[in-house]
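Engineer: I am attaching a structure below and will ask some questions about it afterwards.
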Amino acid sequence: MKKSMAILLSIVSILTSVAFGFYMKTQDIEFFNTIEMKSNAYKIYVKNSSVAYDEFLQELKSIHSQYGATIIKTDRIYEDGKEIIYKSGVYTKDFFEGLPVKLESGRLPTTSNEWLASIDTKQENQVGTINDLFNDTPLVIMPLSDFYNSKSTDINGEYTIISSNKNKEDILNALSLFLNESKNELVSADYRVAFGEGTIYFLTIILSAILLIIFCLMCVFYPISRLKEISVYKLNGYKAFDIWKKLNKDVLIAPIIIFIASIPIQKIAFPTMDLFYFIKLSCVQLILFVGAIGLSFLTLITVKRYSISNMLKNFFDFRISLYISYIIKFAICVGLVFTIPQLSSEVSRMIKEMQVKEAYQAQEDYVTLASFQLTGDGMQSFMNGTSQFNENLTNMFMDLTKSAKAGFVQSFWYDTEGLGLFSSEIKMPNDVDTDTEFGYMLLNDNYYDRLQFDSSVSKEELFDQDSLVIFAPESMKQKEATLKYFGQTQIYSADSNIKMSADDVCVKYYKDNRKQIFSESLQLANEDHAFFTNPVFVCLNDKYLKVFSGYLTTQAISNPVRIYDSNENKRAINEGIKKYGLELNNLQFKNVLMSGYKEQIQISQSSSIVWVAILLLVICISILSSYYILLTILISRKKEIFVKKILGYSLFNRYKNEFIYFIMIYIFGLVQIMILSRSFTSMAIYVLLVLLDILIIFRMIYVKETKQLSTMLKGEE
């Protein structure tokens with residue numbers, strides 16, 4: 000058992016180093032992305048502005064001079080397959096002095112034309128190199144004028160302003176007036192950047208916690224298994240603490256040796272790691288070591304309670320060890336119950352995803368726009384909505400609707416929240432039904448043909464109208480005002496410059512039927528709306544397709560493009576790419592299933608496997624806790640159990656108290672799972688696990704009692 004405990008702690012030490020590495024990596028990435036942020040900093044977002052860059056630069060310099068403000072533009076540009084973060088700005092003299100960076104070489108900028116970077120930019124103006132802990136976040140800090148001259152003249156994007164709080168409103172007013180944008184628009188972001196440690200980080204944390212629980216169980220039982228050795232130490236006059244040291248010395252030293260040995264390996268793997276990183280890691284490992292010592296004091300409790308008097312009487316009270324084991328068993332049961340609902344939902348989701356996968360497999364003859372690349376400052380202009388790529392892609396798709404019968408489809412679920420989303424911009428009529436919910440599909444005539452929809456309304460009536468046509472089931476005839484308002488908000492959500500009236504929306508109806516239509520939406524599949532019955536169709540002719548062309552730049556499984564996979568259509572796609580100069584964007588048209596959903600299935604399967612693995616580990620700990628509890632009972636009450644068994648006491652009477660304790664734990668777990676999840680699947684899984692635990696307990700009792708009975712009949716202890 001000593002070796003097992005040492006190995007277990009060593010594994011926890013390694014996992015802790017891995018988790019710490021992922022945590023520090025995330026912190027490092029976040030630091031480089033927000034390096035300029037201070038308590039007096041705030042962000043603005045310039046969108047769709049046509050102001051010339053030189054005029055805007057002069058305005059920023061004017062604000063800088065008047066208010067003593069530092070203004071920094073953030074851009075993320077792909078160069079040589081890497082995303083480089085550019086922080087270009089108009090800086091105050093003390094900005095770089097207050098920048099919380101550690102330089103790998105060089106010095107901080109002292110003049111307005113000097114650069115700072117975490118990579119070698121091979122520019123004469125770069126005077127210092129920032130230390131990048133993991134060497135994975137290229138950052139360049141440069142003057143805004145240099146950025147406009149060498150990278151991009153697009154002024155749209157994210158800006159950070161560092162100034163005195165009393166000047167904030169004045170600066171915002173000045174920029175709002177200059178850019179002709181409201182202050183609310185100026186401070187509102189169209190996107191959000193988030194940072195996270197990832198799945199592996201959380202897995203290592205969970206696994207470490209599980210292993211520490213196992214270590215805790217071992218610490219409780221370890222001295223019980225070494226009573227004879229403890230007796231010898233006691234007879235030789237050893238104090239309790241000295242005995243504890245002898246029992247645990249090797250166990251506690253092993254992880255220290257492993258950690259020290261791993262330091263040079265980590266330094267070789269990540270040569271840019273500094274001393275401060277290893278000091279912090281050592282502090283984390285020290286906390287782990289102190290925690291392990293604290294848990295091992297459970298051994299000391301047993302050693303102290305086992306006196307020479309107990310030894311001579313061949314008696315020892317194991318109640319404290321038992322109580323600790325029961326507490327651990329209870330904690331494990333609580334953890335197990337928290338795991339089950341997640342596992343149940345993962346399994347249910349997997350079943351639904353397989354049904355969706357079958358629906359995608361039925362479309363294996365169709366391709367979609369699986370991926371594309373943005374070149375130069377394309378990423379930044381793409382995020383700002385000013386990209387030439389968007390326009391070229393839209394024009395290419397419009398050609399493909401004719402030459403390759405390209406289909407367009409996007410599906411959504413419309414509910415009360417969606418209904419009131421634009422009520423301040425588009426007045427909602429009084430007769431709109433605010434409780435309406437329905438599935439709807441944005442589609443063009445080519446995709447409508449694929450549905451083979453049986454209706455008395457001709458395709459020309461749906462797609463050859465100047466007004467927007469909403470095609471709904473007859474069961475919604477009483478909600479025509481709602482459907483018209485829905486059509487108005489759909490157009491406004493796609494292009495806020497277009498405000499349609501209710502008269503611009505035409506509603507036509509089809510007879511309700513039971514035909515299930517695949518939504519082709521991963522998001523809806525996750526929300527249990529993978530298939531529609533009697534959906535609302537938003538019929539898009541060429542005029543309205545352009546309004547919704549923004550969806551064309553969504554990639555893989557979410558892309559609305561559907562083109563039959565034939566040699567003729569492949570030629571049409573290639574011609575379109577050449578015609579609109581999209582060769583460098585590496586447009587990839589792939590099978591609908593292969594271009595995203597297959598990967599999604601694999602990710603889901605991996606997620607399910609992870610949860611199953613966690614559940615199995617928790618079950619193993621639960622069984623281990625039951626095992627150690629039974630061993631403690633059998634050792635502490637072996638004579639009593641032996642006598643009762645000889646006298647014919649039933650199994651329940653021999654272990655009456657223990658059964659009551661276990662039943663109480665199981666009942667608490669059942670109540671807990673009924674509160675957390677009323678799902679039948681979750682409760683069924685819990686009951687099965689309880690039955691498994693009970694069966695294993697009975698089996699262990701039978702095996703151990705038989706072995707113990709045989710030993711005692713031979714007169715052995």
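So for the sequence shown, numbering that gives the first Met the number 0 puts the first residue at 0; every next one is plus one. Even glycine gets a Cβ: it sits at the ideal position worked out from N, Cα and C.
Is L8 near V186, with beta carbons less than 8 Å apart?
Structural biologist: As a working note, residue 8 is residue 9 in the sequence shown. As a working note, residue 186 is residue 187 in the sequence shown. Contact: no.
Engineer: Grouping DSSP H, G and I as helix and E and B as strand, with all else coil, what is T152?
Structural biologist: Sequence index remark: in the sequence shown, residue 152 carries index 153 (1-based). In this structure, T152 counts as coil in the three-state DSSP scheme.
Engineer: Residues in the same chain with beta-carbon distance under 6 Å from F94, minus the five sequence neighbours each way, listed in chain order, please.
Structural biologist: The residue labelled residue 94 in the question sits at position 95 within the sequence shown. T69.
Engineer: From G236 to I259, what distance separates their C-alpha atoms?
Structural biologist: Position 237 of the sequence shown, counted from the start, is the residue given in the question as residue 236. Position 260 of the sequence shown, counted from the start, is the residue given in the question as residue 259. Rounded to whole angstroms, G236 to I259 spans 35 Å at the Cα level.
Engineer: Where do the ends of the beta strand (DSSP E) carrying Y237 lie?
Structural biologist: Start at 1 with the first residue of the sequence shown, and residue 237 comes out as number 238. Unbroken run through Y237: none, as it is neither H nor E.
Engineer: From the DSSP secondary-structure annotation, give me the bridge partner or partners of R720.
Structural biologist: What is shown of the chain runs 0 to 716, which leaves residue 720 out entirely.
Engineer: Can you list the beta strand (DSSP E) stretches of 3 or more residues lying completely in the stretch 640-686, in chain order?
Structural biologist: none
Engineer: If contact is defined by three or more beta carbon pairs under 8 Å, each pair taking one atom from either stretch, is the stretch 463-478 in contact with the stretch 537-545?
Structural biologist: yes
Engineer: Which one of F547, L368, G486 has the shortest CA to CA distance from K426?
Structural biologist: Within the sequence shown, residue 426 is the residue found at index 427, counting from 1. For K426, the nearest C-alpha among the options comes from G486.
Engineer: Measuring only the C-alpha atoms, how far is Q489 from F396?
Structural biologist: As a working note, residue 489 is residue 490 in the sequence shown. As a working note, residue 396 is residue 397 in the sequence shown. Computed Cα separation, rounded: 21 Å.
Engineer: By the three-class DSSP mapping on this structure, what secondary structure does V504 have?
Structural biologist: Along the sequence shown, one-based indexing puts residue 504 at 505. V504: strand per DSSP, three-state reduction.
Engineer: Does the beta-carbon of T136 have 16 or more other beta-carbons within 10 angstroms, so that it is buried, or is it exposed?
Structural biologist: One-based indexing of the sequence shown puts residue 136 at position 137. Buried: at least 16 other Cβ atoms inside 10 Å.
Engineer: Assign Q284 to buried or exposed, taking buried as 16 or more other Cβ atoms, counted over all protein chains shown, within 10 Å of its Cβ.
Structural biologist: Stepping through the sequence shown from its first residue, residue 284 is reached at position 285. Buried is the call here.
Engineer: Cβ of R561 within 8 Å of Cβ of G406?
Structural biologist: In the sequence shown, residue 561 corresponds to position 562, counting from 1. In the sequence shown, residue 406 corresponds to position 407, counting from 1. Their beta carbons are under 8 Å apart, which means R561 touches G406 by this criterion.
Engineer: From the DSSP output, which residues share a beta bridge with E526?
Structural biologist: Taking the sequence shown and counting its residues from 1, one reaches residue 526 at position 527. Looking at the DSSP assignment, E526 forms no beta bridge with any residue, so it has no partner.
Engineer: Hey, V126 and P108 are a contact pair by Cβ (cut 8 Å); roughly how many whole angstroms apart?
Structural biologist: By one-based count along the sequence shown, residue 126 stands at place 127. By one-based count along the sequence shown, residue 108 stands at place 109. Cβ atoms of V126 and P108 come within 8 Å of each other, at about 6 Å.
Engineer: How big is the Cα-Cα spacing for K167 and E157?
Structural biologist: Here residue 167 refers to the residue found at position 168 of the sequence shown. Here residue 157 refers to the residue found at position 158 of the sequence shown. Distance between the alpha carbons of K167 and E157: 17 Å.
Engineer: Among residues of its own chain, excluding the 5 on either side of D241, which ones have a beta-carbon nearer than 8 Å to its beta-carbon?
Structural biologist: To locate residue 241, count along the sequence shown from 1; it is residue 242. Within the same chain, D241 has close Cβ partners Y232.
Engineer: Tell me, please, whether the CB atom of L521 is closer than 8 Å to any CB atom in chain D?
Structural biologist: Structure shown: chain D not included; a single protein chain is present.
Engineer: Indicate whether A369 and K589 have their beta-carbon atoms separated by less than 8 Å.
Structural biologist: Along the sequence shown, read from residue 1 onward, the residue named residue 369 stands at position 370. Along the sequence shown, read from residue 1 onward, the residue named residue 589 stands at position 590. Cβ distance < 8 Å, so A369 and K589 count as in contact.
Engineer: What separation, rounded to the nearest whole angstrom, lies between the Cα atoms of K60 and V89?
Structural biologist: Here residue 60 refers to the residue found at position 61 when the sequence shown is read from its first residue. Here residue 89 refers to the residue found at position 90 when the sequence shown is read from its first residue. Rounded to whole angstroms, K60 to V89 spans 7 Å at the Cα level.
Engineer: Kindly provide the ranges of any alpha helix (DSSP H) runs that are 4 or more residues long and lie completely inside the stretch 440-508, ordered along the chain.
Structural biologist: 444-450, 458-462, 479-493
Engineer: To which residues of the same chain is Y627 closer than 7 Å at the C-beta, ignoring the five residues directly before and after it?
Structural biologist: Working through the sequence shown from its first residue, we reach residue 627 at position 628. Cβ neighbours of Y627 within its own chain (closer than 7 Å, five residues either side excluded): L216, V219, F220, S324.
Engineer: Excluding the five sequence neighbours on either side, which residues of its own chain have a C-beta within less than 6 Å of the C-beta of K303, listed in chain order?
Structural biologist: Along the sequence shown, read from residue 1 onward, the residue named residue 303 stands at position 304. Same-chain partners within the cutoff: A239.
Engineer: According to DSSP, L102 sits in a beta bridge with which residue or residues?
Structural biologist: Taking the sequence shown and counting its residues from 1, one reaches residue 102 at position 103. For L102, which the question treats as bridged, DSSP gives the partners I129.
Engineer: Within 8 Å, do at least three Cβ pairs link the stretch 325-345 to the stretch 680-690?
Structural biologist: yes
Engineer: Ends of the alpha helix (DSSP H) at G293?
Structural biologist: Reading the sequence shown from its first residue, position 294 is the one you call residue 293. 274-304 is the extent of the alpha helix (DSSP H) around G293.
Engineer: Assuming I223 contacts T631 under a Cβ cut-off of 8 Å, what Cβ separation, rounded to an integer in Å, is found between them?
Structural biologist: Taking the first residue of the sequence shown as 1, we reach residue 223 at position 224. Taking the first residue of the sequence shown as 1, we reach residue 631 at position 632. Indeed they touch by this definition, with Cβ atoms about 6 Å apart.
Engineer: Please report how far the alpha carbon of V670 lies from the alpha carbon of M663, in whole angstroms.
Structural biologist: To locate residue 670, count along the sequence shown from 1; it is residue 671. To locate residue 663, count along the sequence shown from 1; it is residue 664. Between V670 and M663, the C-alpha separation is close to 11 Å.
Engineer: In three-state terms, what does DSSP make of V368?
Structural biologist: Taking the first residue of the sequence shown as 1, we reach residue 368 at position 369. Reading off the sequence shown, one finds Leu at residue 368, where the question assumed Val. DSSP places L368 within a strand segment (E or B) once states are collapsed to three.
Engineer: Return helix, strand or coil for F75, following the three-state DSSP convention.
Structural biologist: In the sequence shown, counting from the first residue as 1, residue 75 sits at position 76. Checking the sequence shown, residue 75 turns out to be Arg, not Phe. Strand, per DSSP.
Engineer: Helix, strand or coil for E184 per DSSP?
Structural biologist: Here residue 184 corresponds to residue number 185 of the sequence shown, with the count starting at 1. DSSP places E184 in helix when its eight states are reduced to three.
Engineer: Alpha carbon to alpha carbon, how far is G290 from F658?
Structural biologist: As a working note, residue 290 is residue 291 in the sequence shown. As a working note, residue 658 is residue 659 in the sequence shown. Near 32 Å, if we compare the C-alpha coordinates of F658 and G290.
Engineer: Spatial neighbours of R513 within its chain, please: CB distance less than 7 Å, with the 5 preceding and 5 following residues excluded, ordered by chain position.
Structural biologist: In the sequence shown, counting from the first residue as 1, residue 513 sits at position 514. Same-chain partners within the cutoff: T532.
Engineer: Please state if the CB of F437 and the CB of V355 are separated by a distance shorter than 8 Å.
Structural biologist: For the purposes of this step, residue 355 is taken as the residue at position 356 of the sequence shown. For the purposes of this step, residue 437 is taken as the residue at position 438 of the sequence shown. No. Outside cutoff.
Engineer: Taking three-plus beta-carbon pairs below 8 Å as touching, is the stretch 349-368 in contact with the stretch 511-528?
Structural biologist: At 8 Å Cβ cutoff, the stretches touch.
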